[in-house]
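K.L.:
Dropping the structure in here first, questions after.
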Amino acid sequence: MENQILLNVAIKEEIEGGYSVVCTDLDIASQGETIDEALENIKEAVELYLESAEKLGIVDEILERLGLTKKDLKKGISVPKIFKTEIPIRLAA
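The sequence shown lines up with residues 6 to 98 when you count with this note's numbering.
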């Protein structure tokens, strides 16, 4: 079974057209003309980042930032211990 990490991304529709996307867990950004293209591009950017991190020997540091260890990865799919979600806040009219 291949190891996977589930990461958080934020997508924003741009006024000029297209979409920007940020992997909020790793501070990596990309863009695309469609949502699907933006998601594919951010996936590629993150994979390239992690490949470079492996070559530089800093994967452990990145995993630590995510609250994970290599031992966690051996379990299969890992979710960062830092969990982000939305909360509704009521504003005065």
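From the three backbone atoms N, C-alpha and C, an ideal C-beta is built for every residue, glycine too.
#1: Just confirm the distance between the C-beta atoms of Asp4 and Leu71, as a whole number of angstroms; I'd bet it's less than 8 Å.
#2: Give the secondary structure of Glu38 by DSSP, where H, G and I count as helix, E and B as strand, and everything else as coil.
#3: Could you spell out where the beta strand (DSSP E) holding Glu18 opens and where it closes?
#4: By a C-beta neighbour count over all protein chains shown, 10 Å radius and 16 as the cutoff for buried, is Ile47 buried or exposed?
#5: Mark Leu68 as exposed unless 16 or more other C-beta atoms lie within 10 angstroms of its C-beta, in which case mark it buried.
#6: As a quick exercise: from Pro93, Lys60, Tyr24, Asn13, pick the residue whose alpha carbon is nearest that of Asp41.
#7: Can you grab the Cα-Cα spacing for the pair Ala58 / Leu96, in whole Å?
#8: Could you say which of Val51, Glu45, Gly22 lies nearest to Cys28 if we only look at CA atoms?
#9: Taking the straight line between their C-alpha atoms, what separation do you get for Met6 and Leu73?
P.N.:
Based on what the coordinates show:
#1: This structure cannot speak to residue 4, because the chain is shown only from 6 to 98.
#2: Sequence index remark: in the sequence shown, residue 38 carries index 33 (1-based). Coil.
#3: Here the question's residue 18 lines up with position 13 in the sequence shown. First-last of the beta strand (DSSP E) with Glu18: 14-18.
#4: Taking the sequence shown and counting its residues from 1, the one referred to as residue 47 is at position 42. Classification for Ile47: buried.
#5: Along the sequence shown, read from residue 1 onward, the residue named residue 68 stands at position 63. Buried, by the Cβ-count rule.
#6: Against the sequence shown, residue 41 aligns to sequence position 36. Answer by Cα proximity: Tyr24.
#7: Against the sequence shown, residue 58 aligns to sequence position 53. Against the sequence shown, residue 96 aligns to sequence position 91. For Ala58 and Leu96, the distance between alpha carbons rounds to 43 Å.
#8: On the sequence shown, residue 28 is found 23 positions in, with the first residue counted as 1. Cys28 has its Cα closest to that of Val51, out of Val51, Glu45, Gly22.
#9: By 1-based counting over the sequence shown, the position of residue 6 is 1. By 1-based counting over the sequence shown, the position of residue 73 is 68. At Met6 the pLDDT is 47, less than 50, meaning the model places this residue with poor confidence; the figure from the coordinates comes in the next sentence. Those two C-alpha atoms are separated by around 18 Å.
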